[in-house]
Every structure is written in C-alpha cells, then in structure tokens.
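First the structure, in the form of structure tokens, and then the observations on it.
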Amino acid sequence: MSTDPAARAATTPSPPAPYVRIERLTKRFGDFVAVRQVSLEIARGEIFCLLGGSGCGKTTLLRMLAGFETPTEGSIYIDGVDVTGVPPYERPVNMMFQSYALFPHMTVEQNVAFGLRQDGTPRAEIETRVEEMLSLVKLDGYAKRKPHQLSGGQRQRVALARALVKRPKLLLLDEPLGALDKKLREHTQFELVGLQERLGVTFVIVTHDQEEAMTLASRIGVMRAGEILQVGSPTDIYEYPNSRFVADFIGSVNLVEGKLVEDEPDHVRIDCPQLGGTVYVDHGVSSPPDAQLSVAIRPEKLQLARERPEQPDNVLAGTVTGIAYLGDATRYLVRLSTGFVLRVTMPNVYRREEQFEQGQPVWVHWHASAAVVVMR
Amino acid sequence: MPGRRSLFVLMALAFGFAFLYLPILAMIVYSFNASRLVTVWDSANSPTLMWYAELFRNAPVLDSARLSFRIATVNATGAVILGTLAAFALERYRRFRGRALFGLLTTAPMVLPEVITGLSLLLLFVALEQAIGWPGGRGATTITIAHITFSMAYVIVVIQARLATVDRSLEEAAMDLGARPWKVFFVITLPLIMPAIASGWVLAFILSWDDLVITSFVSGPSSTTLPQLVFSKVRLGVSPDINALATILVLIVTACVVAAGVYMVRLEKRRARDAQTAFDAAT
C-alpha cells in the first residue's frame, strides 16, 4: 500500500489532469450553509478522504457527488463532463452507504446484480460479472444467502461488491468501516486499499475517524463548518498542519500562543509566555512581524531527560504530574514553572526501561524541526 | 409469594377473557338451539344444525353476503392503492408546503362522526347525479366509494408507520445503482412495505364488512349489505338463524387471525435462526 501521492501517480498511466473537479460548490438548507464555496480536484485512481467532525458538511458534499442533493451554487465535473444536474441514476458514480443499504428481500447475488439489471446487461454477462465480483470480495458460496444471514464484515463486502460491479468512474464510500469492530476494521482497511489498487477506481471516502483517513487515503481534505481547511497527503496534514484547527483535530498536539521575535529566512524564534521562554524553529515563516502565532508540537516529538541536555534552545524545566502507561508508549503530563501542562509521549523501546515517576523534576527538550508554526 | 401472584394473574386473565368472549360464546351456543324463541333453550331437540341449513336456503341472506363481500374486496383494494400513495407522499416528501394540513386532512375521517360522513357523502352523490348524471342512483358503487373514503384513513396510518421504518438509504442505493424513481418504488419500497399493505387491506376489508351507519346513508333499495340485513331482521325480533350467521362470521374471522398469528410466529422463529447462523459464521 502506498500512501505517498507521488508514488501512486507514478503507477497510474493517466495524465495528472483532474478527474473529478468540484468548482465553488455551495449547499444551503434554508439559512444553514452546509457546504461553502468548496473547490477541489481529485486525480484518477486516487483515494481521497474527506475528514471532519459531525456536521462539517462532508456527507453533504458526498451526497452532492452522488446526486442525492442538488448544489445551490457551483458545479461538478467527472472525467470532463458536467454532472451537476444529472440525477443519481444516470451518473457514472456508485456509492457504498454507511448502513450498507443492502436490499433485505433479495439474496446476495440479486443485490450485486441489481445495478447491472437496471442497465439491461445481458443475463449471461450479469452472471459472470456477479460471480467475478463475489470471488473478488471472497464471498463465493454466499450467493444465495439473504443479507440478514451474513455477519457485519460479510455485509460490508456485499455492499462493496454491489457498488463496484458497475465499474463506476468514481466510488463514494460513506464511513466504510464505521460499523465494523476494531480488529476487523484494521484488516479490512488493507483489503480495501488492495482492491482499489487492483481495479484502479477513484475513491472518495467520508470519515470522522482520522486513523481510517490516514491509513486509507492518498490525500486528505480536512473539513470544518462547510469549508475545506487543508488538502494534502497524510504526512503533510500531520507534520505540517496549516491552522490551529487542523493541528488540533489530527492526532494529539501541544498548542501554545506566541509572537515572532526573530524572523530570518532559515529560522525563526518565537516568544511563548505560556512556556516561559522562546521556541527556536529551523524554518522560515511567511507572516508579518508581531503577528499572533501558534506553535504546535506533537507529544511524540518532545523528549524527557533527568539531566539538562546540552543544547542552547528548546529546553524547559518541569515536573511530572501525570503518567499513563499504554504498552507501546507512555504518556506523561509535565507541568512547567509557568503552570502550563505539556503532553509528552515516550516510546517504550526497551523492556523495563527506567520510567519517570510522579512528581519527579525533568527537562523537556525537542529538536529545532519538531515545532510547527501555524497562523491563528 | 410467587405462587399467590401467579394465581392473581390467572384470575385477571380469566375475567378479562370472560368479559370479552362470554357474549360470543352465548351466541354460538344458541345457534344450535332448536327453539324458535331465541331466549328459550329447547333441551329436547338441541343441539341442531337446522338454522345453518335454513341459512343456506335463504336467498336474501346469501345475496347480501355476496354483495358485502364484493364491496369489501373492492373497497380494500381501492383504499390500499390510494392509501399507499398518500402515505408515500406524507412520509417521503417531508418538506412540501402544507404537509401538516394534508396529514391532518387524511386522518380526519377517523374521528369524524360516521353520521356526518354518511350525510355529506349522500349530499355529494345527489348533487353529482343532478350535475353530471353520475352515479345513476345509489347502490353498490356509492357504498364502495363511501367505504373507501373512511377506510383509507386507517390504511394511511398503518402504511405510513411501516414506511417510517424503511431505511431511506435503501431507496437511494437503488437509485444510485441506476433505477428510476418509479422502479425504485415498485422493486424496493413496495416489497418492503408489503406486510403493512396486507394488514391495511385486511383492516379496510373488515371496516367495510361491518359498516352499517355510513352504508345506510348511501345505499339504495336494490343493495342491502349483510350488516343492514342483520339489523333490519333484528328490529323485527331476533331470529335464531341470525345466531347461525354470526357464528359463521366469527369462525371465519378467528381462522384468519389464527392463520396470521401462526405465520408471524414462524417468520419470527426463522429470522432468529438465520441471525444465529450469521453470528456463528462470524465467530
């Protein structure tokens, strides 16, 4: 599985021209704006993830791609064709529903064949394609079962087979793994990506689960209040969030406010009263001087030490006030002299490694590349 | 303590059932009474099937039974078709203007006094006949229309309740897979609400089968339904053959209820077994 967009693009022969193009799409329900001026380009063969909390407009955007909602403004192009006003039954798009929406009165076979039947595909072809699809999702032998005779994981695969059998140009997945338990979900994530790579269908996934987005997506669009805040690869989003919200929404983060006191092209120094000192960052920032900024540092990029480390910057003294042992890592809360509490995650590399104790004075330090400066 | 409580429950059950079914039981017993006087038990010649035999020789009774059956069948079918359409509109197009008013209007006949419904229908039929010459006189046609008018309200309630439980995404999924809206309705929605349509049909049938008040307003001289016949006979004095007729009706209804009950229990059992199979397969 490759999550790097460059590597993925290299394996697909298509030109980088956008396959799905969303232009200034807006959807209003009365006075409520569900989606606001969203523009987005998705390449062929991509797995694009719309990530956001509930009510952020991600599902409305997906439903507009499927044709269930008509945009108030803006347009949608798929493979160069304007589909904005095209009804769902005429779009080259299929959707996998969160509830799977399997027809309870039909067998697995009839469910998967439903889409092909609507197109008037010859009976013999329907049979072979349904059979192919069922073996692709490893459900051979289940053709005659009804949906209520299947387990959750099997239902999910029937829903996937039914959505893929028409060979859509675009497959929309609404919380595809939401209804599965944790173990099954991890397993299914890799299967889903493997299937997508084999068939080369473009996926658009809606999810509120950041882990799901990180593992599945080649690119993620983070949404809030109907707008897309940042689009980028999982690495971009995690390592270089462009706003406080994105930094805070994806993973865990220490966010402190600060002011630029030293502004050079190759480094900046930010005064953070909450930390009681300055933060040295080894990259430049494009912002006006004296601007109010935030500094985001991931807990796993902070380190603890008993002795003061030999580095001039990015060292703070504090006291351990909380310890959570998670097995693979230990999470510490460290209170600084200013009263601000930092979250620090230390991996448990060695067994019975000496742990820090409650109330112990420690030094917190980090590398100059660890912090990210975001606008407020 | 548990023993005493269960005795109390048993007593409550016995009294409840006695209250509900003793009158019917009395009627059934008296249908085998040989005496011509309904309230006098002729122990010498009873039990006898003579009233049943007489019933099947009684042409007016058979005629009105046939008429009632025909009206009830047509009514149930018509009410189910119109009721399904109305329920679909009420349940699926949630945001249309005047939805609340429309909903209220469709269910109003349920609470409207039957006398008023009957009277207004009579006035409408008379006015229509004078204006366009249809319906020519009153009879089976006007009774059927009148029955549809009020039984449809009940059908709407039954079907709307079922529609509310049908996952909307099933219809969307069908549309997404290429089915046009009318096809979605017939291939997805209709099969899923079939149980409600069936019970709506039976309900409409029974409502029409035993309606007397509205029927009296809109019936003509040539059309006498079974309830009308029973009522007019009873007014002249209860005759034993009415007991026999009523017993037959009770038996038919009981058979229907029992059959439906057995069917539902079987369905439930099969569902539980299938769910268990799925669970076993998953673990």
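First to last, the protein sequences are chains A and B.
In terms of my numbering, the first sequence is residues 1 to 376.
In terms of my numbering, the second sequence is residues 1 to 283.
Note that CB positions come from ideal geometry on N, CA and C, so glycine has one too.
query	result
Expressed to the nearest angstrom, what Euclidean distance is found between the alpha-carbon atoms of P181/B and M175/B?	7 Å
Would you report the Cα separation of F8/B and A18/B, rounded to the nearest angstrom?	15 Å
Report the CB separation of V204/A from L51/A in whole angstroms; it is logged as a contact under 8 Å.	No, V204/A and L51/A are not in contact; Cβ-Cβ is about 12 Å, not under 8 Å.
Sorted by chain position, which residues of the same chain lie with C-beta nearer than 8 Å to P168/A's C-beta, five sequence neighbours on each side aside?	P92, V93, N94, V201
Which residue or residues does DSSP assign as beta-bridge partners of K233/B?	Note: K233/B sits in no beta bridge, so no partner.
Going by Cα to Cα distance, which pick from Q360/A, S99/A, V38/A, S218/A is closest to T235/A?	S218/A
By the DSSP assignment, the beta strand (DSSP E) with Y41/A in it spans what residues?	According to the sequence displayed, residue 41/A carries Glu and not Tyr. Run containing E41/A: 32-42, per the beta strand (DSSP E) assignment.
Got a sec? Which residues, its chain only, sit under 7 Å from A58/A by beta carbon, not counting five neighbours each side?	The sequence shown places Lys at residue 58/A, not Ala. If we look at K58/A and ignore the five residues flanking it on each side, its Cβ neighbours are L50, G52, V206, M223.
Could you check how far apart the C-beta atoms of V334/A and V315/A are, in whole angstroms? I think they sit under 8 Å.	About 12 Å; that fails the 8 Å criterion.
Taking the alpha carbon of D140/A as the point to measure from, which residue in P147/A, H148/A, V130/A has its own alpha carbon closest?	V130/A
Please report the distance separating the alpha-carbon of Y154/B from that of I126/A.	43 Å
Taking the alpha carbon of V320/A as the point to measure from, which residue in G327/A, S337/A, G232/A, A329/A has its own alpha carbon closest?	S337/A
Mind checking Q196/A: buried by the 16 CB within 10 Å criterion, or exposed?	buried
Please list the residues of the segment 160-176 of chain B that have a C-beta atom closer than 8 Å to any C-beta atom in chain A, keeping them in chain order.	D167, S169, L170, E172, A173, A174, M175, D176
Determine the direct distance from the alpha carbon of L85/B to that of A204/B, and round the result to whole angstroms.	15 Å
Check whether the segment 289-304 of chain A and the segment 368-376 of chain A touch, using three or more Cβ-Cβ pairs below 8 Å as the test.	yes
Just reading off the beta strand (DSSP E) that A324/A is part of, what are its end residues?	315-325
In three-state terms, what does DSSP make of Y280/A?	strand
Between the alpha carbons of G261/B and F32/B, how many angstroms are there, rounded?	29 Å
According to DSSP, simplified to helix, strand and coil, what is C49/A?	strand
In chain order, which beta strand (DSSP E) runs of at least 3 residues are fully inside the segment 158-245 of chain A?	170-174, 202-207, 219-224, 227-232
Could you list the residues in the segment 113-135 of chain A with a C-beta less than 7 Å from some C-beta on chain B, going in chain order?	F114, G115, Q118, D119
Inspect the beta-carbon positions of L255/A and R269/A and report whether they are closer than 8 Å.	no
Are the segment 86-97 of chain B and the segment 160-178 of chain B in contact at 8 Å, needing three or more beta carbon pairs?	yes
So that I know if they touch, is there some Cβ in chain A lying closer than 8 Å to that of R180/B?	yes
Applying the 10 Å Cβ sphere with the 16-neighbour rule, what's the burial state of A255/B?	exposed
Which residues bound the beta strand (DSSP E) around M50/B?	Per DSSP, M50/B belongs to no beta strand (DSSP E); it is in the alpha helix (DSSP H), 50-57.
Our contact map puts P88/A next to A124/A with C-beta atoms below 8 Å; I'd like the distance itself, whole angstroms only.	The Cβ separation is near 28 Å, so there is no contact.
Count the C-beta pairs between the segment 147-162 of chain A and the segment 205-221 of chain B that are closer than 8 Å, then say yes if the count reaches three, no if not.	no
Return the residue from the list L164/A, A213/A, L199/A that minimises the CA-CA distance to E186/A.	A213/A
Considering Cα atoms alone, identify which of G178/A, S287/A, V344/A is closest to S99/A.	G178/A
Beta-carbon of L267/B versus every beta-carbon of chain A: anything under 8 Å?	no
Taking 8 Å as the threshold (C-beta atoms), are L229/B and S64/B in contact?	yes
Determine the closest residue to V33/A out of G226/A, I22/A, S75/A, with distance taken between C-alpha atoms.	G226/A
Quick one, which residues of the segment 182-194 of chain B are near chain A if we go by CB-CB under 9 Å, in chain order?	K183, V184, V187, I188, P191, L192, M194
When we look at the beta-carbon of A198/B and count the other beta-carbons within 10 Å, is it buried (16 or more) or exposed?	exposed
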